[in-house]
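Let me begin by presenting the structure, written as structure tokens, before commenting on it.
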Amino acid sequence: MWVLDVAAAGAVDAWVGVLDEAERRRMAAFRYEADRHRYGVAHAGLRLLLGRECGVPPADVTLTNRPCVHCGGPHGKPEVTGGPQWSMSHSGELALYAVAPWPVGIDVERPERAVDPVSLAAYLHPRERAEITALPPDAARRAFYRCWTRKEAFLKGTGTGLNDSLARWYVGVDGSASGPAGWSLVEVPVPDGYQAAVAVARVPLPAWSVHELRLDP
Ligand SMILES: CC(C)(COP(=O)(O)OP(=O)(O)OC[C@H]1O[C@@H](n2cnc3c(N)ncnc32)[C@H](O)[C@@H]1OP(=O)(O)O)[C@@H](O)C(=O)NCCC(=O)NCCS
């Protein structure tokens, strides 16, 4: 697993050259500079990692998308031609990546104090809802974000994303929950102010660690 400090990567212009046309179009469409920067740097980091895995320069990494499980359109789970399985998530000033020989999903979020965990828990599995609503407010918010990152990581691993019902699968609010059969779900250590999890279709999960990814201009 890799973590990239987006702010430390410097100006995005240095990295635009490695992106493909679709990535450049998406990057240009962001309204706010901070979003443009995070997207461009996160995708440059992805290409650097996948390029190493595939033995090609970052700009030669070929990214495609599976058909969307909802409408069949060309915007489902992204994949790399001739390479391993991978997943990426970006939020605030962090980008996280997981690369594995098995289906994998990763999610990072920046918990917000304004979020009401009890009302959002209504969309989750009934047992998760019960676990979260039984807690006092601050603990409930932490439990909600632990549950949410576990669930989003799992749904990104399966490739459905949020097209699948959030109430369908039980992932629990922490590592004591076993989660869906055949999947390992674990919290990823990230800096204060963030919450992250990874889901891998492999039980038990072999030893893993988090490395820092650096983009040096
Ligand atoms: C995938 C999804 C969960 C990402 O949520 P998010 O919290 O906004 O963003 P994250 O930073 O965690 O992840 C984004 C990355 O997930 C990956 N991703 C996109 N779709 C994915 C899917 N179906 N499965 C797994 N990963 C996916 C991409 O690498 C994406 O990076 P990019 O946006 O820079 O290209 C969410 O966008 C989703 O559920 N999308 C599917 C909904 C859909 O298909 N709607 C159209 C219906 S026609």
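Count along the sequence shown from 1, then add 3; that gives the number in our numbering.
Heads up, the beta-carbon is just placed ideally off N, CA and C, and yes, glycines get one too.
Since this is a predicted model, take the numbers as computed values, not measurements.
Residues bridged to residue i [DSSP beta-bridge criterion]
i	result
Met-91	Tyr-100
Ala-199	Val-111
Val-6	Leu-99, Glu-215
Leu-188	Ala-202
Whole-number beta carbon distance between residue j and residue i, since they are thought to touch under 8 angstroms
i	j	result
Arg-149	Val-118	Their Cβ separation, rounded to whole angstroms, is 13 angstroms, which puts Arg-149 and Val-118 out of contact at 8 angstroms.
Leu-7	Ala-98	4 angstroms
Phe-157	Ala-202	4 angstroms
Ala-45	Met-91	7 angstroms
Lys-154	Leu-169	6 angstroms
Leu-52	Trp-105	With a Cβ gap of about 17 angstroms, Leu-52 and Trp-105 do not count as contacting.
heavy atom of ligand 1 below 7 angstroms from residue i C-beta
i	result
Ala-45	yes
Glu-155	yes
Ser-181	no
Cys-150	no
His-78	yes
Tyr-126	no
Tyr-42	yes
Pro-70	no
Met-91	yes
Cβ pair residue i, residue j closer than 8 angstroms
i	j	result
Gly-162	Val-72	yes
Ala-2	Val-111	Since the first residue of the chain shown is 4 and the last is 220, residue 2 is not available in this structure.
Glu-96	Val-9	yes
Extent of the continuous alpha helix (DSSP H) to which residue i belongs
i	result
Ser-122	120 to 124
Val-44	36 to 57
Asp-141	140 to 161
Thr-65	First-last for Thr-65: undefined, no H or E at that position.
Ala-14	It is not in any alpha helix (DSSP H) - Ala-14 carries neither H nor E in the DSSP assignment.
Arg-29	24 to 32
Arg-132	129 to 136
Delimiting residues of the beta strand (DSSP E) encompassing residue i
i	result
Thr-84	Where Thr-84 is concerned, there is no enclosing beta strand (DSSP E), given that its DSSP letter is neither H nor E.
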